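Enquirer: Heads up: the protein sequence lines correspond to chains A and B, in order. Numbering-wise, the first sequence is residues 188 to 287 according to this note's numbering. Numbering-wise, the second sequence is residues 445 to 943 according to this note's numbering. Glycine residues also receive a C-beta, built at the ideal position from the N, C-alpha and C atoms. For clarity, every value in this text was computed on a predicted model and none was experimentally measured. Pasting a structure here, questions to come.
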Amino acid sequence: MIPTSEVLIFSMALLCIGVLGVLTRRNAIVILMSIEMILNAANINFIAFSQTLNNLVGQIFGVFVIVVAAAEAAVGLAIVIALYRNRGTINVDEINLMKW
Amino acid sequence: MMDILGSLFSWLPVELWIMRPELCLTLAAFLTLIFSVARRAFQPRWLGYFSIAVTAAVGAPLLDLFRRTTELPGQEFVAWNGMFVVDSFAVFFKVLFLLAAILTMLMSIRYLDVEKAHTGEYYALIMFAVVGMMFMVSARDLILLFVGLETMSISTYILAGYLKRDRRSNESALKYFLLGSFSTGIFLYGISLVYAVTGSTHLRVISDAIAEGLVNHPLLVLGLILMIVALGFKIAAVPFHMWVPDTYEGAPTTITAFFSTAVKAAGFAIVLRILVEGMLSARMHWAPLVVILSAASMIIGTLGALLQENVKRLLAYSSITHVGYLLMGVLAVQRGADTGARGMVAIAVYLLAYTFMNMGAFGLVVALRREGLVGDQVDDFTGLARRAPLAAFSMLVFMLSLGGIPATAGFIGKWYLFGAAIKADYVWLAVLAVLASATSLYYYLRVVVRMYMGEAEEEGGLRPSGALASALVISLVFTILMGLYPQPFIWLAQHVVLY
């Protein structure tokens with residue numbers, strides 16, 4: 188069995204990749220994918236610790252996260268499509284009608 | 445009324461019986477969705493009135509629950525193995541959400557006609573968001589809290605982009621969605637670390653585990669920090685505030701009003717639940733972070749608002765400043781039972797006052813909206829006093845109240861909050877808050893000066909719809925009443941205590 192510490196390192200690496208993706212990528216869909224990666228990093232933690240702690244709560248939480256992530260992706264893609272229809276771009280640098 | 449509704453639900457098992465406000469609202473939201481399919485038979489306007497009526501009627505079971513939970517101190521009803529709890533804390537916030545939702549819907553009816561985007565789904569989404577908030581404040585388990593939070597967030601992402609042909613609304617929704625779901629991810633990762641250390645997602649179990657010596661576990665501290673960062677995004681505290689001005693400016697004005705009152709109050713409710721009920725023993729780790737968030741929010745919010753020419757943006761920055769004040773209340777919650785209750789009561793009083801005055805201020809922006817005029821520039825208020833003296837007077841009251849002038853609701857709120865901060869030995873923070881609120885008078889009064897000193901470019905008064913006028917009157921009456929005779933409101937807020 189893979190030791191929990193290694194799973195934790197893996198999930199932290201996923202978290203870091205996701206955060207970097209959100210901060211550096213400029214395509215709205217890629218940002219959305221990076222956010223999904225952060226959610227999955229949390230899921231990996233939940234599942235791994237559910238195993239080590241011998242407690243089912245983590246797995247249940249994982250299922251809820253998957254459901255919520257699906258709903259969120261649906262709404263997110265709808266917003267991106269509405270934006271693309273009006274502006275013809277999904278580059279977040281060009282989405283700057285409002286600035287202080 | 446109360447008895448009829450009570451007997452209507454008496455057959456329910458007790459677990460569902462304490463959830464009847466949520467159940468009624470969910471049912472009403474689904475009915476609204478179904479009716480809105482038949483546009484010819486059910487005009488959206490009538491769906492709006494239906495939603496307002498249902499939301500107001502849900503107040504009856506809530507008042508019943510309020511009576512039952514306040515009979516004894518610490519009285520509470522739990523369901524689902526302690527996941528869902530109805531205590532006076534939760535009931536107070538639920539009443540606040542209903543109030544904000546009703547005012548929002550009243551303001552929306554004419555506004556959506558002008559925007560040519562009137563559909564029943566709008567009201568259903570507001571009700572779904574309120575259901576999410578209600579589950580959030582009643583959650584004593586992080587799973588339920590997360591699901592409630594997301595029910596609210598997903599509904600509000602859609603509402604921010606509701607005007608789908610308006611580019612600014614699209615942009616507002618995208619920014620809100622990306623940063624909101626990013627913070628959700630961070631929040632989840634924080635929860636997963638806390639779960640890893642404590643082996644539970646139940647706040648009481650987490651609290652016990654922390655008290656038994658896990659308090660300095662590095663993973664727990666990291667998880668706590670990540671959760672505070674995510675909550676900072678949700679309540680819009682500096683440095684996690686970048687999305688606020690853009691989202692508030694671009695979203696439909698009525699929805700901006702809803703964001704700045706109900707969504708913010710829900711955020712504070714879960715901040716209190718998590719930090720006070722779950723993480724009280726780890727206070728030395730989170731208090732310094734909250735101090736930084738509070739001070740930075742007051743400074744950046746005040747500076748940002750100084751030069752805004754757009755009223756919605758000005759109110760967005762002012763709401764960031766108000767988050768800074770409210771976070772002082774979170775800090776004051778600690779240090780013994782007595783001061784603890786004081787911080788909590790201060791937050792409740794302030795949120796109550798803030799709901800009325802901010803709803804009113806946004807209501808005036810809605811009233812200025814008509815064909816060909818967005819009405820969200822400070823210049824649009826020029827000379828309003830001559831065109832519509834009553835509207836100008838109510839804007840004057842809301843602005844003075846937001847600035848914290850005595851004899852208005854805002855003063856009572858600030859009095860309690862600043863007092864709580866001083867009692868909890870955060871004197872320098874309270875001094876900063878007083879300085880910030882003195883500076884904030886400048887930008888609130890700028891609007892007032894334009895209204896009373898400027899010359900109007902056009903003639904004719906405002907003709908708000910009856911619903912909008914009643915929302916404004918409710919906000920105005922409560923803002924003044926709370927300033928002159930605050931006792932009943934303070935009595936209400938005194939029940940907001942977590943045991």
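Taking the alpha-carbon positions, what's the B/Leu796 to B/Ile934 distance?
Expert: Here residue 796 of chain B is taken as the residue at index 352 of the second sequence, counted from 1. Here residue 934 of chain B is taken as the residue at index 490 of the second sequence, counted from 1. Rounded to the nearest angstrom, the two C-alpha atoms are 10 angstroms apart.
Enquirer: What does DSSP give as the partner residue(s) for B/Ala583 in the beta ladder?
Expert: Against the second sequence, residue 583 of chain B aligns to sequence position 139. Paired residues: B/Phe528.
Enquirer: How about A/Phe248 and B/Thr628: do their beta carbons lie closer than 8 angstroms?
Expert: If you number the first sequence from 1, residue 248 of chain A lands on position 61. If you number the second sequence from 1, residue 628 of chain B lands on position 184. Not closer than 8 angstroms, so no.
Enquirer: Measure the alpha-carbon distance for B/Leu556 versus A/Ser237 and round it to whole angstroms.
Expert: Taking the second sequence and counting its residues from 1, the one referred to as residue 556 of chain B is at position 112. Taking the first sequence and counting its residues from 1, the one referred to as residue 237 of chain A is at position 50. Their backbone Cα atoms lie some 48 angstroms apart in a straight line.
Enquirer: Name the residues in the stretch 679–697 of chain B whose C-beta lies less than 7 angstroms from a C-beta of chain A; which are they?
Expert: Within the stretch 679–697 of chain B, the residues whose Cβ lies closer than 7 angstroms to some Cβ of chain A are Pro689, Asp690, Glu693, Gly694, listed in chain order.
Enquirer: Check whether the Cβ of A/Asn242 lies closer than 8 angstroms to any Cβ atom in chain B.
Expert: Here residue 242 of chain A refers to the residue found at position 55 when the first sequence is read from its first residue. With 8 angstroms as the cut-off, A/Asn242 counts as an interface residue toward chain B.
Enquirer: Run through chain A and tell me which residues come within less than 7 angstroms of B/Gly643, C-beta to C-beta.
Expert: By 1-based counting over the second sequence, the position of residue 643 of chain B is 199. Residues of chain A passing the Cβ test: Leu240, Asn242.
Enquirer: What separation, rounded to the nearest whole angstrom, lies between the Cα atoms of B/Leu928 and B/Gly857?
Expert: In the second sequence, the residue the question calls residue 928 of chain B occupies position 484. In the second sequence, the residue the question calls residue 857 of chain B occupies position 413. Between B/Leu928 and B/Gly857, the C-alpha separation is close to 12 angstroms.
Enquirer: Straight-line CA distance for B/Ser636 to A/Val206?
Expert: Taking the first residue of the second sequence as 1, we reach residue 636 of chain B at position 192. Taking the first residue of the first sequence as 1, we reach residue 206 of chain A at position 19. Their Cα atoms are separated by approximately 17 angstroms.
Enquirer: Under a Cβ-count criterion, where at least 16 other Cβ atoms within 10 Å of its own Cβ denotes burial, should B/Ala937 be classed as buried or exposed?
Expert: For this step, residue 937 of chain B is matched to residue 493 along the second sequence. Answer is buried; the Cβ neighbour count reaches 16.
Enquirer: Which term fits B/Lys560, buried or exposed, when burial requires 16 or more other beta carbons within 10 angstroms of its beta carbon?
Expert: Your numbering for residue 560 of chain B matches position 116 in the second sequence. Counting Cβ neighbours within 10 Å, B/Lys560 comes out exposed, since fewer than 16 surround it.
Enquirer: Do B/Leu846 and B/Tyr888 come within 8 angstroms of each other at the CB atom, strictly closer than that value?
Expert: Residue mapping note: residue 888 of chain B aligns to position 444 of the second sequence, counting from 1. Residue mapping note: residue 846 of chain B aligns to position 402 of the second sequence, counting from 1. Yes, these two residues count as a Cβ contact at 8 angstroms.
Enquirer: Please report the straight-line C-alpha distance between B/Arg717 and A/Thr211, rounded to a whole angstrom.
Expert: Position 273 of the second sequence, counted from the start, is the residue given in the question as residue 717 of chain B. Position 24 of the first sequence, counted from the start, is the residue given in the question as residue 211 of chain A. Cα to Cα, the separation comes out at about 34 angstroms.
Enquirer: Tell me whether A/Asn232 sits in a helix, a strand or coil according to DSSP, three-state version.
Expert: Indexing the first sequence from 1 puts residue 232 of chain A at position 45. Helix.
Enquirer: In whole angstroms, give me the CA-to-CA distance for B/Val502 and A/Val255.
Expert: Taking the first residue of the second sequence as position 1, residue 502 of chain B is located at position 58. Taking the first residue of the first sequence as position 1, residue 255 of chain A is located at position 68. About 27 angstroms.
Enquirer: Would the beta-carbon of B/Phe825 fall within 8 angstroms of that of B/Met895?
Expert: Locating residue 825 of chain B in the second sequence gives position 381, counting from the first residue. Locating residue 895 of chain B in the second sequence gives position 451, counting from the first residue. Yes. Within cutoff.
Enquirer: How should B/Gln931 be labelled, buried or exposed, when 16 other C-beta atoms within 10 angstroms of its C-beta is the threshold for buried?
Expert: By one-based count along the second sequence, residue 931 of chain B stands at place 487. With fewer than 16 other Cβ atoms within 10 Å, it is exposed.
Enquirer: State the DSSP-derived secondary structure class of B/Ser454, mapped to helix, strand or coil.
Expert: Position 10 of the second sequence, counted from the start, is the residue given in the question as residue 454 of chain B. Correct three-state label for B/Ser454: coil.
Enquirer: Run down chain A in chain order and give the residues with a C-beta less than 7 angstroms from the C-beta of B/Lys608.
Expert: In the second sequence, residue 608 of chain B corresponds to position 164, counting from 1. Ala269, listed in chain order.
Enquirer: Establish whether the CB of B/Ala710 and some CB of chain A are separated by less than 8 angstroms.
Expert: For the purposes of this step, residue 710 of chain B is identified with residue 266 of the second sequence, where counting begins at 1. No, B/Ala710 does not count as interfacial toward chain A.
Enquirer: A/Asn283 bridges to which residues according to DSSP?
Expert: As a working mapping, residue 283 of chain A is identified with position 96 in the first sequence. Bridge partners of A/Asn283: none, in fact.
Enquirer: Determine the closest residue to B/Leu647 out of B/Val774, B/Val789, B/Ala792, B/Val529, with distance taken between C-alpha atoms.
Expert: By 1-based counting over the second sequence, the position of residue 647 of chain B is 203. The shortest Cα separation from B/Leu647 among B/Val774, B/Val789, B/Ala792, B/Val529 belongs to B/Val529.
Enquirer: If the cut is a Cβ gap below 8 angstroms, which residues of chain A does B/Glu594 touch?
Expert: Counting from one through the second sequence, the residue named residue 594 of chain B turns up at place 150. By Cβ distance, chain A contributes Val255, Ala258, Glu259.
Enquirer: Cβ closer than 9 angstroms: which chain B residues qualify as neighbours of A/Arg274?
Expert: For this step, residue 274 of chain A is matched to residue 87 along the first sequence. The contacting residues are Arg611, Asn614, Glu615.
Enquirer: B/Ser454: buried (16+ other C-beta within 10 angstroms of its C-beta) or exposed?
Expert: By one-based count along the second sequence, residue 454 of chain B stands at place 10. By the 10 Å Cβ count, B/Ser454 comes out exposed.
Enquirer: Starting from A/Val194 and walking both ways along the alpha helix (DSSP H), at which residues does that stretch end?
Expert: For this step, residue 194 of chain A is matched to residue 7 along the first sequence. Unbroken alpha helix (DSSP H) run through A/Val194: 191–211.
Enquirer: For the stretch 214–230 of chain A, which residues have a CB atom closer than 7 angstroms to at least one CB atom of chain B, in sequence order?
Expert: The residues in question are Ala215, Ile218, Ile222, Ile225, Leu226, Ala228, Ala229.
Enquirer: Under three-state DSSP, which class holds B/Val715?
Expert: Within the second sequence, residue 715 of chain B is the residue found at index 271, counting from 1. If DSSP states are grouped into helix, strand and coil, B/Val715 belongs with the helices.
Enquirer: Can you tell me which of B/Met926, B/Phe702, B/Glu753 puts its alpha carbon nearest to the alpha carbon of B/Leu547?
Expert: Taking the second sequence and counting its residues from 1, the one referred to as residue 547 of chain B is at position 103. For the residues B/Met926, B/Phe702, B/Glu753, the minimum Cα distance to B/Leu547 belongs to B/Phe702.
Enquirer: Identify the contact partners of B/Val591 in chain A, using a Cβ-Cβ distance below 8 angstroms as the criterion.
Expert: If you number the second sequence from 1, residue 591 of chain B lands on position 147. Those are Phe251, Val255, listed as they occur along chain A.
Enquirer: For B/Val665, does the three-state DSSP call read helix, strand or coil?
Expert: Start at 1 with the first residue of the second sequence, and residue 665 of chain B comes out as number 221. In the structure shown, B/Val665 sits in a helix (DSSP, three-state: H, G or I).
Enquirer: Name, in chain order, the residues that DSSP records as bridge partners for B/His646.
Expert: Translated into the one-based positions of the second sequence, residue 646 of chain B becomes position 202. DSSP output for B/His646 lists B/Asp585 as bridge partner(s).
Enquirer: Could you confirm whether any beta carbon from chain A is found closer than 8 angstroms to the beta carbon of B/Ala749?
Expert: Walking along the second sequence from the start, residue 749 of chain B turns up at place 305. For B/Ala749, the answer is no, since every Cβ of chain A falls outside 8 angstroms of its Cβ.
Enquirer: Do you know offhand how far B/Thr852's Cα is from B/Gly676's?
Expert: Position 408 of the second sequence, counted from the first residue, corresponds to residue 852 of chain B. Position 232 of the second sequence, counted from the first residue, corresponds to residue 676 of chain B. Roughly 29 angstroms separates the two Cα atoms.
Enquirer: Three Cβ pairs or more, each shorter than 8 angstroms: is that satisfied between the stretch 613–621 of chain B and the stretch 689–697 of chain B?
Expert: Contact holds: three or more Cβ-Cβ distances are below 8 angstroms.
Enquirer: For the pair the stretch 802–813 of chain B and the stretch 753–766 of chain B, tell me if three or more CB-CB distances fall below 8 angstroms.
Expert: The stretch 802–813 of chain B, when compared against the stretch 753–766 of chain B, does touch it at the 8 angstroms Cβ threshold.
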